[in-house]
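Protein chains in written order, with the working numbering: chain A, 6 to 250; chain B, 32 to 285. Take a look at the structure set out below.
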Amino acid sequence: MSIFTSIGQYMILMSHIFSRPENGRMYYKEVMRQMNAIGVGSIPIVALISFFIGAVTAVQTAFQFVGSFIPPYYVGYVVRDTMLLELSSTITCLVLAGKVGSNLASELGTMRITEQIDALEIMGINTGSYLIGPKVIAAVVTIPLLVILSSALGILGGYMAVATSHTIKISEYLRGLHAFFDPYYVTIMLIKALVFGFLLTSISSFYGYYVEGGAYELGKSSTKAVVISSVAILLADYVLAFLLT
Amino acid sequence: MIRLENIRKSFDGEEVLHGIDATFEAGKCNLVIGKSGSGKTVLVKCIVGLFKVSAGHIYFNNVDITRASKKEMRLLRQEIGMLFQGGALFDSKSVEENVRFPLDMFTNKSDKEKRMRVDEVLERVNLQGQNQKMPSEISGGMKKRVGIARAIVMNPKYLFCDEPNSGLDPQTSLVIDHLIYEITKEYSITTVVNTHDMNSVMEIGENIIFLHKGCVEWSGNHDNVLTSDNQLLEDFIFASSFLKRAKEALVQGK
C-alpha cells in the first residue's frame, strides 16, 4: 500500500470516527471502559518512568552546574521546565505508543481477522465510530491527565534525587521550582498531550482496523502501528515546538 | 425474497463473479454450494453489503440495495442476521452479552425484556443456562449456536450462514443444519447458506445453486442434485471415495 493510499484511507476512517453514533448510551459505556484501559491502566508505567526521568534530570543537571558560575537553584528550574515543556508529554506518549498502541492494533486486528468487525457491520453499526471513536476520546481525555501526573512525579523524582544525593540543597531545588514560572508552559504541555494522544490512538487503531491476513500480518501491523505513531509524535513535537514557542 | 441480477465482482481487475443470476425464496433454506475458491463467500459478502458489487443488482423484496443510501443500508442490515464461519463472537463479552448486543444497540426495550428475549433465543438453540460463559469456555458447536442466537435475536427477515458446519463433527453439523432449517420455517426467514458440506445439501437444500469459477453452473434442490447429469456437479458431489463407492453400490443394487 502506497503512503498516499494509506493517508487517504486514514482520512476516510477519521471521517467515520466523528460521525453520529447509533446508540449514545453504548458509546458512553465504551468510552468509560477505554478510559479505564488507556488511562488508569497506564498509571503505573507512566509513574515509574516519570519519577526516574525527573530524578536523572536533576542528578545530571546538578553534575553540570556544581562548581560552575550557574546558581544551584537552576537545577529545580531546569527539571521543572524540561518536564513541562518536553519530557512529560513526549516521553509519556512515546511509552504509551508502545503500550497502548500495540494493544489497540492487536485488539482491532484480531477483531478484523476473526470477522468480529464484519459481524458489527452486518448489524448496521458504524464500526469506525463504535470501535475507534471511544478509544480516541478516551485517549484525548486521559492522556493529558497522565501527562500532568507525569510532570508532578518527575519533579518529585528530582526532589528525591537531590534529597538523597546532597548535590545541592533542597531549599535551592525548591527555590528553582518557583523561579521564572510561566503558566503558558502548562498550556503547551496539555496541547502536546492532546495532539499526541489523538495521533497515537488513531494511527494505531488505523493499522489494526485494516489488517488483512493472519497472525503474521497482525504482528507486522502491530509493530508498524508503534513505529509510525512514535514517528508521528516526534514530528508533531517538532511542529508544535515551532508553533507554540 | 432476494433476487440477484447479473452480479459481477472484481478484485484488482480480476473478475471472480461473472454475472450471477439467482433467486433466494422466503421461508426456504437456499444453499450456495461449490468448491473452495468458486466465489461462494464473495457472493454472500456482496449480498450482505460487505463487498460492493462491480456490476448488477441485488433486490431484497424488490428494493435494489446496490442503489440504497448508507442510511437505507443500515436500516436493512437490522433485518439481516448472519452466522460467520468461526462464529465471530465478541471475545470480551459473555454468551449473554453477545446475544444481547443488538438489542442494546438498536432497541429501547427494558432490561427485563432484553433478558427475557435473550433467554428465549438461547433456549431456542438449546443453550439455556450458559448465559455467563465466555466464548473461550465453550465448544465450536456451541459457538455456532450462540452465533445463531445472536443472528435471530432481532427477528431478522434474512439469515445468512457462511459455512456453518466447518470444523464440526458430522453429528454436531446435523444439529446445526436442523436448527437452521427449523428457524427458517418457524420465522419464515429467507435463509442463504454457503456450504460445501454434502450432508447439508441433502438435509436442508430446498433451493440450491452450484457455483463453479464464479458462474452458476447448476440450480435445483436436494431431490434432483444426485440425479443431475451435470458433470461438474457430479465431480463435486462425488469427490470423496466414500460417496463414490456408495453411489456405485447404489447403482449395482447392493
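Backbone N, C-alpha and C define an ideal beta-carbon position, used for all residues, glycine too.
Residues that DSSP places opposite residue i in a beta bridge
i                       : result
threonine 222 (chain B) : B:Cys60, B:Leu190
lysine 40 (chain B)     : B:Leu48
valine 247 (chain B)    : B:Leu242
histidine 88 (chain B)  : B:Glu36
aspartate 95 (chain B)  : B:Tyr90
alanine 53 (chain B)    : B:Leu35
glycine 65 (chain B)    : B:Leu242
Of the residues the options, the one placed nearest residue i, counting alpha carbons only
i                        : options                                : result
leucine 114 (chain B)    : B:Lys216, B:Leu190, B:Tyr90            : B:Leu190
asparagine 129 (chain B) : B:Met165, B:Asn37, B:Glu110, B:Asp95   : B:Met165
isoleucine 208 (chain A) : A:Ser94, A:Lys140, A:Ala246            : A:Lys140
aspartate 254 (chain B)  : B:Met229, B:Phe91, B:Leu263            : B:Met229
isoleucine 207 (chain B) : B:Met173, B:Gly245, B:Thr97, B:Asp266  : B:Met173
glycine 70 (chain B)     : B:Phe241, B:Ser259, B:Glu110           : B:Phe241
threonine 206 (chain A)  : A:Ala184, A:Thr132, A:Ala102, A:Tyr189 : A:Ala102
isoleucine 8 (chain A)   : A:Phe186, A:Thr250, A:Ile233           : A:Ile233
histidine 171 (chain A)  : A:Ser156, A:Phe68, A:Lys229, A:Gly213  : A:Phe68
glutamine 39 (chain A)   : A:Leu18, A:Ala143, A:Thr119            : A:Ala143
threonine 138 (chain B)  : A:Arg30, A:Met16, A:Gly72              : A:Arg30
serine 235 (chain A)     : A:Gly106, A:Gly81, A:Ile160, A:Thr119  : A:Gly106
serine 55 (chain A)      : A:Gln121, A:Ser155, A:Tyr243           : A:Ser155
tyrosine 82 (chain A)    : A:Leu161, A:Tyr135, A:Gly218, A:Gly224 : A:Leu161
glutamine 109 (chain B)  : A:Ile43, A:Gly59, A:Ala124             : A:Ala124
threonine 169 (chain A)  : A:Glu35, A:Ala60, A:Tyr15              : A:Ala60
threonine 221 (chain B)  : B:Gly112, B:Ala99, B:Ile38, B:Ile96    : B:Gly112
glycine 138 (chain A)    : A:Gln14, A:Ile12, A:Leu18, A:Ser11     : A:Leu18
tyrosine 15 (chain A)    : A:Glu222, A:Tyr221, A:Leu223, A:Phe211 : A:Phe211
Reduced DSSP category for residue i - H, G, I as helix; E, B as strand; rest coil
i                          : result
methionine 165 (chain B)   : coil
leucine 81 (chain B)       : coil
alanine 198 (chain A)      : helix
isoleucine 111 (chain B)   : strand
glycine 72 (chain A)       : coil
proline 195 (chain B)      : coil
glutamate 128 (chain B)    : helix
serine 272 (chain B)       : helix
asparagine 108 (chain A)   : helix
tyrosine 135 (chain A)     : helix
phenylalanine 57 (chain A) : helix
leucine 257 (chain B)      : coil
glutamate 120 (chain A)    : coil
leucine 158 (chain B)      : coil
methionine 128 (chain A)   : coil
histidine 183 (chain A)    : helix
phenylalanine 30 (chain A) : For the record, residue 30 (chain A) in the displayed sequence is arginine; it is not phenylalanine. Arginine 30 (chain A) falls in the helix class under three-state DSSP.
arginine 105 (chain B)     : helix
Cβ-Cβ separation, residue j to residue i (assumed contact under 8 Å), whole Å
i                        : j                        : result
threonine 256 (chain A)  : valine 84 (chain A)      : In this structure chain A extends from 6 to 250, so residue 256 (chain A) is not present and cannot be described.
serine 85 (chain B)      : serine 125 (chain B)     : Serine 85 (chain B) to serine 125 (chain B), Cβ: 40 Å. No contact.
glycine 202 (chain A)    : tyrosine 178 (chain A)   : Contact doesn't hold; Cβ gap of about 30 Å is too wide.
glutamate 120 (chain A)  : glycine 117 (chain B)    : 6 Å
asparagine 238 (chain B) : asparagine 252 (chain B) : 6 Å
threonine 226 (chain B)  : proline 201 (chain B)    : No, threonine 226 (chain B) and proline 201 (chain B) are not in contact; Cβ-Cβ is about 14 Å, not under 8 Å.
valine 64 (chain A)      : alanine 166 (chain A)    : 5 Å
valine 75 (chain B)      : valine 223 (chain B)     : 6 Å
arginine 131 (chain B)   : lysine 145 (chain B)     : 6 Å
Closer than 7 Å: residue i CB and nearest the ligand ATP heavy atom
i                   : result
lysine 66 (chain B) : This structure does not include the ligand ATP; it has no bound ligands of any sort.
**Request:** State whether the region 45-56 of chain A contacts the region 89-104 of chain A, with contact taken as three or more CB pairs (one from each stretch) at a distance under 8 Å.
**Result:** The region 45-56 of chain A is in contact with the region 89-104 of chain A.
**Request:** Kindly confirm or deny that the region 210-223 of chain B and the region 45-63 of chain B touch, where touching means at least three C-beta pairs closer than 8 Å.
**Result:** Contact between the region 210-223 of chain B and the region 45-63 of chain B is present: 3 or more CB-CB pairs across the two stretches fall below 8 Å.
**Asked** Does the pairing of the region 218-236 of chain A with the region 110-123 of chain A give three or more beta-carbon distances under 8 Å?
**Response** With the cut-off at 8 Å, the region 218-236 of chain A and the region 110-123 of chain A touch.
**Request:** May I ask you to verify whether the region 144-151 of chain A touches the region 185-205 of chain A, counting CB pairs closer than 8 Å and requiring at least 3?
**Result:** Touching, per the Cβ criterion.
**Prompt:** How do the region 134-148 of chain B and the region 91-105 of chain B stand: do at least 3 beta-carbon pairs fall below 8 Å, yes or no?
**Reply:** In short, these stretches do not touch, since the Cβ pair count stays below three.
**Item:** Segment contact, 8 Å Cβ cut-off, at least three pairs: the region 118-136 of chain A with the region 21-30 of chain A
**Value:** Contact holds: three or more Cβ-Cβ distances are below 8 Å.
**Prompt:** Is the region 45-57 of chain B in contact with the region 232-247 of chain B, if contact means three or more CB pairs nearer than 8 Å?
**Reply:** Between the region 45-57 of chain B and the region 232-247 of chain B, the count of C-beta pairs closer than 8 Å reaches three or more; the two stretches touch.
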